[in-house]
Amino acid sequence: SFFVNKKINEYLFIILISLIISVYLTEGYLLLKKTSKISLRETNNKKAKLYKTETGKKYDFRSILEVYQDKIKSKTEVVTIVHPNSNSFQNKFGIFPLSGISNTETIFCNENGYYAIYKSDRYGFNNPDNEWDSKRVEYLLVGDSFTHGSCVNRPNDIASVLRKISKKSVLNLGYVSNGPLMEYAVLREYLNLKVNKVLWIYYENDLSDLQFEISNPFLKNYIKDLDFKQELQDKQKEIDEIAFSTLNNQINIENVNKNKHPTKKILNFIKLSKTRKNIFPTSQNNNFKKILKLTKDLTSKDEIKLYFIYLPEFNHEKKKFTNKNYKTIKNIVNYLDIPFIDIYEEVFKNEKDPLIYFPFRLGGHYNEMGYKKIAEIIYKYTKD
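Below is the structure:
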């Protein structure tokens, strides 16, 4: 505007400043809106009272770090959950892990009043280790935290309930924060057993996860090269070492920053992370369709039956289910001729009180009753 009239320059300056202020006010609103309606203290008090009434026990309000430190003090060999996508793929081994630390008590999460803890299997997944010795696996599951079993103990996760009611072998390869590309990668690495059915368990934030995954040049190798494989089953020692290193870094950072200013949040605010995500979402529909097609091709060649299970997101404040991408996802699955099991239609739509399937009726992951109900529906539509 150097060559523009002075008066016009003033107007342009006012408009620019107004836009900047408006955008940052929007970012502030998006940042605070989730915590402004119900205070954390009120929510915690409600949880504590309900948990005391239901179980007679005190709600465990410790952080996962505090639980870990208490276990270590008592000389318990234990680790916390390590998200595969938090591992540095620029590690000395040059691999991208897709699971956690193997053969170890693993502290997971707490939404139901207690911390879920499970013994990981030989490859770092949430299974009894002997499942890998089965001659034939009836169900093999891939998915994110809901499939992984957040925040309940075995035998209350989906895989364990299926194991019980089918009386057959079930392998759970779900892991927290996994999106469609990592789930496909997991199948490429670990699907070398005799399997009857693969359950692709989809949750409504999976397309957001895919946006991160598709920008990762290492993970994109699984799409670009159908012969690409890391041979992760032979590299669990390396995976454990990488995960332990990541875990120690996370613990050190949390200890250092526990009482310090949250610089990461400030940086995200300056970068307008939430506003950009809402205004300029990148469609991942074509990438999702391609990955699901590759998954069907992978399972079909071994005559494995592939099922798609749709888990709906729940907004406990508005007491309704969101379905922003529901029709698109369903159309893609139907186009690929994959059986579609709709948990919203089968479980929640006609339930008078769908809140009973969530911890303290407050949303989040499902509670024990919710996981059990979903597993029963899956079995109903997939049993021979």
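Residue 382 is where the sequence shown starts when you use my numbering, and the numbers rise one by one after that.
Note that CB positions come from ideal geometry on N, CA and C, so glycine has one too.
Within the same chain, R742 come within 6 Å of L736 by CB-CB distance, once the 5 residues on both sides are set aside. In the three-state reduction of the DSSP assignment, F721 falls in the strand class.
Per DSSP, E486 is not a residue of any alpha helix (DSSP H); the beta strand (DSSP E) it occupies stretches across E486 to I488. Here the alpha carbon of G475 sits roughly 47 Å from the alpha carbon of I398. Bounds of the alpha helix (DSSP H) holding L675 are N666 to S681. One thing to note: S531 has its Cβ no nearer than 8 Å to the Cβ of V567. The alpha-carbon of L648 is positioned some 42 Å away from that of T436. Following the DSSP letters along the chain, one finds F527 inside the alpha helix (DSSP H) bounded by residues S526 to H529. In this structure E512 is buried. Its beta-carbon is surrounded by 16 or more other beta-carbon atoms within 10 angstroms.
Per the DSSP secondary-structure output, Y405 pairs with nothing in a beta bridge. DSSP places F702 within a strand segment (E or B) once states are collapsed to three. Rounded to the nearest whole angstrom, the C-alpha separation of I445 and A497 is 10 Å. By the criterion of a C-beta distance shorter than 8 Å, E732 is surrounded in its chain by Y738, once the five residues flanking it on both sides are discounted. In this structure, the beta-carbon distance from K686 to K578 falls below 8 Å. Within the same chain, D525 come within 6 Å of N559 by CB-CB distance, once the 5 residues on both sides are set aside. Beta-bridge partners of F689 (DSSP): W581 and F721. If you ignore the 5 residues before and after Y752, its C-beta comes within less than 7 Å of the C-beta of V533, N537, D538, I539 and V542, all in its own chain and listed in chain order. Across the structure, E612 and Y565 are spaced so that their CA atoms are roughly 14 Å apart. By the criterion of a C-beta distance shorter than 6 Å, I395 is surrounded by no residue of its chain, once the five residues flanking it on both sides are discounted.
Counting C-beta pairs with one atom in each stretch, the stretch 617-624 and the stretch 503-520 have three or more that are closer than 8 Å, which means they touch. In this structure, the beta-carbon distance from F442 to F599 does not fall below 8 Å. Judged by their CB atoms, Y760 and I546 are nearer to each other than the 8 Å cut-off.
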